[in-house]
Every structure is written in structure tokens, then in C-alpha cells.
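Enquirer: Position in the first sequence counted from 1, then plus 11, gives you the numbering used here.
Backbone N, C-alpha and C fix where the C-beta goes; we use that ideal spot for every residue, glycine too.
Sharing a structure with you now.
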Amino acid sequence: MRLAAWNVNSLKVRLPHLTDWLAKAQPDVVCLQELKLEDAKFPRAELEAVGYQSACYGQKTYNGVAILARTALQDVSTGMPGFTDDHKRVIAATAAGVRVVSVYCPNGQAVGSEKYEYKLRWFAALKDYLAAELKLHPELAVAGDFNVAPEDRDVHDPKAWEGQVHVSELERAAHRALTGLGLTDTFRMFDQPEKLFSWWDYRMLGFRRNAGLRIDHILASPTLAKRCKGSTIDREPRKLERPSDHAPVLAEFS
DNA sequence: ATGGCTACGATCCGTAGA
Numbered sequence: 012m013r014l015a016a017w018n019v020n021s022l023k024v025r026l027p028h029l030t031d032w033l034a035k036a037q038p039d040v041v042c043l044q045e046l047k048l049e050d051a052k053f054p055r056a057e058l059e060a061v062g063y064q065s066a067c068y069g070q071k072t073y074n075g076v077a078i079l080a081r082t083a084l085q086d087v088s089t090g091m092p093g094f095t096d097d098h099k100r101v102i103a104a105t106a107a108g109v110r111v112v113s114v115y116c117p118n119g120q121a122v123g124s125e126k127y128e129y130k131l132r133w134f135a136a137l138k139d140y141l142a143a144e145l146k147l148h149p150e151l152a153v154a155g156d157f158n159v160a161p162e163d164r165d166v167h168d169p170k171a172w173e174g175q176v177h178v179s180e181l182e183r184a185a186h187r188a189l190t191g192l193g194l195t196d197t198f199r200m201f202d203q204p205e206k207l208f209s210w211w212d213y214r215m216l217g218f219r220r221n222a223g224l225r226i227d228h229i230l231a232s233p234t235l236a237k238r239c240k241g242s243t244i245d246r247e248p249r250k251l252e253r254p255s256d257h258a259p260v261l262a263e264f265s
């Protein structure tokens with residue numbers, strides 16, 4: 012089973028990139044983030060035409076998440092129980108026997124800002140939500156844009172980023188609280204090239220300079236992690252005209 | 001030098017992303 016996660020930064024704009032990439036990468040399940048469109052505008056038929064069922068939790072202009080699968084999606088749930096949120100950031104479904112959660116974690120804007128406080132509250136809720144999901148679903152994957160670079164090696168210039176949003180100690184602690192539940196960052200289960208990131212700033216020739224962060228992750232529960240045979244980031248779509256600022260991440264399970 | 005780009009929904013600039 013090949014599982015992917017991709018922050019497409021507007022599904023409307025990126026649909027051609029997505030369908031091309033699906034044909035090339037052949038993932039079985041895909042978690043999408045930042046759809047930036049409402050459910051009524053979700054391109055369900057276009058995705059079905061290329062072989063994917065879908066479940067979406069969309070929102071106009073901002074946020075929005077979805078799960079695509081080549082097989083049926085069962086027991087779809089949206090949001091996090093007990094956490095009231097105007098932002099559509101979480102959708103879950105069972106596909107190919109695996110409980111899959113697509114997450115678009117808050118950006119946080121700046122350390123100490125209101126949005127940063129929201130990010131930390133949101134992560135606390137995510138931890139509680141995933142702890143409960145783990146009890147229900149031994150085979151659990153959590154995939155998406157976490158907006159946290161877990162370690163300095165996930166940052167192109169750790170000195171320049173020190174203490175900034177995405178790498179601050181409280182955000183990293185919030186991320187460690189997830190791995191502390193037993194969720195493994197599949198990318199780090201394998202030898203990886205240095206400085207392989209999943210996001211690059213549109214500005215300042217970020218991609219050309221490889222000035223990036225690894226903030227998109229696929230986490231796997233203990234049982235699922237045992238089945239993980241590889242995990243990669245595909246930078247190719249970032250080279251296209253009018254790309255998303257994020258690259259898709261992939262994990263392969265036996 | 002603390003910006004630079006992109007998407008969106010509203011205008012011809014503000015909000016948001018990261």
C-alpha cells in the first residue's frame with residue numbers, strides 16, 4: 012500500500028499537477044491539504060475518472076483537507092471531537108484496512124502570536140484525538156502538513172531559523188507528544204539524503220537554493236510502522252510551472 | 001535589507017501562508 016500526503020495549495024489550481032502525479036507515482040491512498048475550496052467545488056468526478064474515490068472536508072479560500080483512495084473509503088469522520096474549530100483541518104477514513112488521518116496543522120504565524128497559541132492548543136487536541144484513534148485502530152497513519160520541522164536536520168539553515176515558528180521548542184515538543192504516542196515518522200525509519208525538504212518558500216528563489224523545511228510527514232502506528240518498507244519525498248512536482256510550495260511525501264507499506 | 005512569491009476575494013489592496 013502506497014500512501015502519500017501533499018499540500019496542494021489550491022486544488023483548483025493544482026488539479027492538473029495532481030492528476031499527472033497520481034498517474035506517475037501510483038499511490039493507493041492520498042491525503043491532501045490546503046484545498047482552498049468548498050465541498051461543492053471539489054473535483055470528485057475528475058478524480059474518479061483517474062481511478063480515485065474521495066472524501067473531502069473543504070472550506071472556501073482557506074484550509075480544506077481530503078483523502079483519496081483507489082478502494083472504497085469507509086467510516087469518514089471530520090474534525091476532532093471536542094475541539095470546536097472554524098478551520099477545516101482534519102478528515103479521517105478507513106482505506107485498504109488502514110485508518111488514515113489527513114491533517115493540515117496550523118501555521119502559527121509567529122512565536123507568541125494569537126495564531127501560535129491556537130497552533131499549540133490545536134496540537135494538544137490532536138494528541139488527545141490520536142491517542143483515542145490509536146486505541147480504536149491499531150493500523151493508523153497520520154499524514155499531512157504538520158507545519159513543524161521536528162529537528163535541526165529538517166531545516167536548511169537552523170541558525171537562521173532558531174526559535175522561529177515551525178522550529179520553536181514548544182512546537183517541537185507538541186510534535187514529540189505525537190511520536191510519544193507511538194507514532195513513528197516514517198521518513199526517519201530509513202537512510203535519507205541530507206537536506207531533503209518538503210516545503211520551499213516561493214520567494215527568494217527558495218527551491219533553487221534548496222532553502223526548505225521538512226514539515227510534511229507520514230506518521231505510522233507501531234503495527235503499521237512494522238509494515239513500512241520505504242518513505243520518500245518527491246521533489247519533481249515542485250519543479251513544474253506554477254507549483255505548490257510543498258512537495259508530496261510518500262510511504263510504502265507491505 | 002527582515003523583503004522578495006502565490007492564491008484568494010475583494011479590488012487595483014488586504015489577508016494568509018511558512
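So the alpha helix (DSSP H) Thr-30 belongs to, where does it begin and stop?
Expert: Looking at the DSSP string, the run of the alpha helix (DSSP H) that includes Thr-30 is 22-36.
Enquirer: Should Ala-236 and Met-200 be called a contact, given that it needs their Cβ atoms to be closer than 8 Å?
Expert: It is a contact, given that the beta carbons lie within the stated cut-off.
Enquirer: Taking the straight line between their C-alpha atoms, what separation do you get for Lys-240 and Ala-262?
Expert: Lys-240 and Ala-262: Cα-Cα distance of roughly 8 Å.
Enquirer: In or out: Lys-23 buried (at least 16 other Cβ within 10 Å) or exposed?
Expert: The residue in question, Lys-23, is exposed, as its Cβ has fewer than 16 Cβ neighbours within 10 Å.
Enquirer: Please say whether Asp-245 and Asn-20 have beta carbons closer to each other than 8 Å?
Expert: Not closer than 8 Å, so no.
Enquirer: Could you tell me the distance, in whole angstroms, from the CA atom of Gln-175 to the CA atom of Asp-212?
Expert: Computed Cα separation, rounded: 15 Å.
Enquirer: Quick check on DSSP: helix, strand or coil for Lys-206?
Expert: It is coil, neither helix nor strand.
Enquirer: Which whole-angstrom value describes the C-beta separation of Ala-16 and Ala-154, a residue pair presumed to lie in contact below a C-beta threshold of 8 Å?
Expert: Contact holds; Cβ gap of about 4 Å.
Enquirer: To the nearest angstrom, how far is it from the Cα of Leu-79 to the Cα of Asp-96?
Expert: Computed Cα separation, rounded: 23 Å.
Enquirer: Excluding five sequence neighbours on each side, which residues of the same chain lie with their C-beta closer than 8 Å to the C-beta of Pro-114?
Expert: It should be pointed out that residue 114 corresponds to Val in this sequence rather than to Pro. Around Val-114: Cys-42, Gln-44, Val-76, Arg-100, Val-101, Leu-137, Val-153, Ala-154, Gly-155, Asp-156, Phe-157.
Enquirer: Which residues in the same chain as Trp-32 place their Cβ atom closer than 7 Å to its Cβ, once the five residues preceding and following it in sequence are excluded?
Expert: Answer for Trp-32: Pro-248, Pro-259, listed in chain order.
Enquirer: Can you give me the Cβ contacts of Leu-46 inside the same chain, cut-off strictly under 8 Å, excluding the 5 residues immediately before and after it?
Expert: Cβ neighbours of Leu-46 beyond the five flanking positions: Val-19, Ser-21, Leu-22, Phe-53, Cys-67, Gly-69, Gln-70, Asn-74, Gly-75, Val-76, Ala-77.
Enquirer: So which of Val-112, Tyr-129, Gly-108, Arg-110 has the shortest CA-CA distance to Asn-4?
Expert: The structure shown does not extend to residue 4, since the chain is modelled only from 12 through 265, so no value can be given for it.
Enquirer: In whole angstroms, what is the alpha-carbon distance linking Leu-194 and Arg-25?
Expert: Computed Cα separation, rounded: 30 Å.
Enquirer: Measuring CA to CA, which of Arg-110, Leu-141, Lys-170, Trp-210 is closest to Phe-94?
Expert: Answer by Cα proximity: Leu-141.
Enquirer: For Phe-134, which residues does DSSP report across the bridge?
Expert: Looking at the DSSP assignment, Phe-134 forms no beta bridge with any residue, so it has no partner.
Enquirer: The alpha helix (DSSP H) that contains Arg-187, what's its start and end?
Expert: Start and end: 180-190.
Enquirer: Give the secondary structure of Phe-94 by DSSP, where H, G and I count as helix, E and B as strand, and everything else as coil.
Expert: DSSP places Phe-94 in strand when its eight states are reduced to three.
Enquirer: Hey, would you say Ala-185 sits closer than 8 Å to Phe-134, going by beta carbons?
Expert: Their beta carbons are under 8 Å apart, which means Ala-185 touches Phe-134 by this criterion.
Enquirer: For Arg-81, tell me which candidate among Val-112, Pro-38, Ala-231 has the shortest Cα-Cα distance.
Expert: The residue with the shortest Cα to Cα distance from Arg-81 is Pro-38.
Enquirer: Which residue comes first and which comes last in the alpha helix (DSSP H) that contains Arg-13?
Expert: Premise fails: Arg-13 lies in the beta strand (DSSP E), 13-18, not in any alpha helix (DSSP H).
Enquirer: In terms of residue numbering, what span does the beta strand (DSSP E) encompassing Thr-105 cover?
Expert: Counting along the chain, the beta strand (DSSP E) containing Thr-105 begins and ends at 101-106.
Enquirer: Rounded to whole angstroms, how far is the Cβ of Arg-225 from the Cβ of Ala-143, which I believe are closer than 8 Å?
Expert: That belief does not hold up - the Cβ atoms of Arg-225 and Ala-143 are roughly 27 Å apart, past 8 Å.
Enquirer: Inspect the beta-carbon positions of Gln-85 and Ala-104 and report whether they are closer than 8 Å.
Expert: Contact: yes.
Enquirer: Going by the CB atoms, is the gap between Glu-150 and Ser-265 shorter than 8 Å?
Expert: Not a contact, by the Cβ cut-off of 8 Å.
Enquirer: Between Met-12 and Val-109, how many whole angstroms is the CB-CB distance? I'm expecting something under 8 Å.
Expert: 7 Å between Cβ atoms; contact.
Enquirer: Within the same chain, show all residues whose beta-carbon is closer than 7 Å to that of Arg-183, passing over the 5 residues directly before and after it, in chain order.
Expert: Excluding positions up to five away in sequence, the list reads Val-159, Pro-161.
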